[in-house]
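Here the structure comes first, spelled out in C-alpha cells, and everything after it is commentary.
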Amino acid sequence: MNSPMNNDMLPDIFEQLPDDADVWIYAASSALEPDAAAALERALDELVSAWSSHGRRVLGAHTLLDTRVVIVGAYVPDGTISGCGIDKSLHVLDEVAAEHGFDWADGLSIVYRASADRLAVCSRSEFRERAASGSVDTGTPVIDLSTRRLGDLRSNGIERPAGRTWHARVFDLKTVADGSVAGNDSTRLLSPS
Numbered sequence: 064m065n066s067p068m069n070n071d072m073l074p075d076i077f078e079q080l081p082d083d084a085d086v087w088i089y090a091a092s093s094a095l096e097p098d099a100a101a102a103l104e105r106a107l108d109e110l111v112s113a114w115s116s117h118g119r120r121v122l123g124a125h126t127l128l129d130t131r132v133v134i135v136g137a138y139v140p141d142g143t144i145s146g147c148g149i150d151k152s153l154h155v156l157d158e159v160a161a162e163h164g165f166d167w168a169d170g171l172s173i174v175y176r177a178s179a180d181r182l183a184v185c186s187r188s189e190f191r192e193r194a195a196s197g198s199v200d201t202g203t204p205v206i207d208l209s210t211r212r213l214g215d216l217r218s219n220g221i222e223r224p225a226g227r228t229w230h231a232r233v234f235d236l237k238t239v240a241d242g243s244v245a246g247n248d249s250t251r252l253l254s255p256s
C-alpha cells in the first residue's frame, strides 16, 4: 500500500490530526522565493499556535511542498471549524502573498507536474487544450485542489496520475502510449520545501 505518510509526503506534523480533519490545498502562481516561503511558514506557525473557532481550540498543521503547494489541516475535537476559523487561515495566506508579491491560484485552476522538477498551474480551458494536444494525458501527475479530508490525502496521495482523478473524465484525457495509467506502482511525491 502506498501511504503518503510512509513516504514523507505529509510531514510528521500531520500525525496529530485524524483522518477526518479538514484540509485545504493552495498553489502559488509561481514557485516562492526563499524569503516569501520563510514568511509564509512563520505566519502559518503563528496561526496554528493560537487558532480558534468560536472559542474552541483548532488543532492545526501546515506544510509547504515544492516551494509552491501549501497544505493546511485543521481539526476541532467534537465539532467542526467555522467559516470564521477558515477565514483566519485565508487571511494569513492572502496577507503573505500581498506582502511578497505573489498570487494564489484560484480553486478552479489545475495544478500538474509539467516535468520532474516543475509544477505548472493553468486554467481549466488551458488544461483542456493541453489534453486535446496530448501534452497532458492519463499519466500526468495532478494535484486535486478540491481535496478536503486528510484521510483522502493519506490514502490517495497528493500528486496522482490524472487517470485516477476526476480530471480524466472532465478533460477526456488520452491514455498513455502503453495503455496504462502512469504511477500504478507508486505515486510521485512532492518534496517538503
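Per the working numbering, the sequence shown starts with residue 64, numbered consecutively. Ideal Cβ placement from N, Cα and C applies to all residues, glycine included.
query                                                                                                                                                            : result
Under three-state DSSP, which class holds GLU96?                                                                                                                 : coil
Look at the alpha carbon of SER145 and the alpha carbon of HIS117, and state the distance between them as a whole number of angstroms.                           : 7 Å
According to DSSP, is GLN79 part of a helix, a strand, or is it coil?                                                                                            : helix
Where does the unbroken beta strand (DSSP E) through ILE173 begin, and where does it stop?                                                                       : 173 to 178
For VAL205 and VAL135, what's the separation of their Cα atoms in angstroms?                                                                                     : 18 Å
For the segment 137 to 144 and the segment 106 to 123, state whether three or more C-beta atom pairs, one from each stretch, are separated by less than 8 Å.     : yes
Check whether the segment 194 to 211 touches the segment 222 to 235, taking contact to mean three or more Cβ pairs, one atom from each stretch, closer than 8 Å. : yes
Tell me whether ARG131 sits in a helix, a strand or coil according to DSSP, three-state version.                                                                 : coil
Could you spell out the range, first to last residue, of the alpha helix (DSSP H) harbouring TRP229?                                                             : 229 to 234
Let me check one thing: in DSSP terms, what residues is GLY142 bridge-paired to?                                                                                 : None; GLY142 has no bridge partner.
How many Å lie between VAL121 and LYS151 at the Cα?                                                                                                              : 11 Å
Counting pairs of beta carbons, one from the segment 152 to 159 and one from the segment 172 to 189, are three or more of them closer than 8 Å?                  : no
Nearest to SER29 by CA position, among LYS237, ALA90 and VAL159, is which residue?                                                                               : Lying outside 64 to 256, the shown extent of the chain, residue 29 is not represented and no answer is given.
Please determine, among ALA168, GLY220 and GLN79, the residue with the shortest C-alpha to C-alpha distance to LEU95.                                            : ALA168
VAL86 bridges to which residues according to DSSP?                                                                                                               : GLY136
Which of the three DSSP states is assigned to ARG187 in this structure?                                                                                          : helix
Could you tell me the distance, in whole angstroms, from the CA atom of ALA177 to the CA atom of PHE190?                                                         : 11 Å
Among GLY197, LEU127 and ALA160, which one has its Cα closest to the Cα of VAL239?                                                                               : GLY197
CB ALA84 to CB TYR138, shorter than 7 Å?                                                                                                                         : yes
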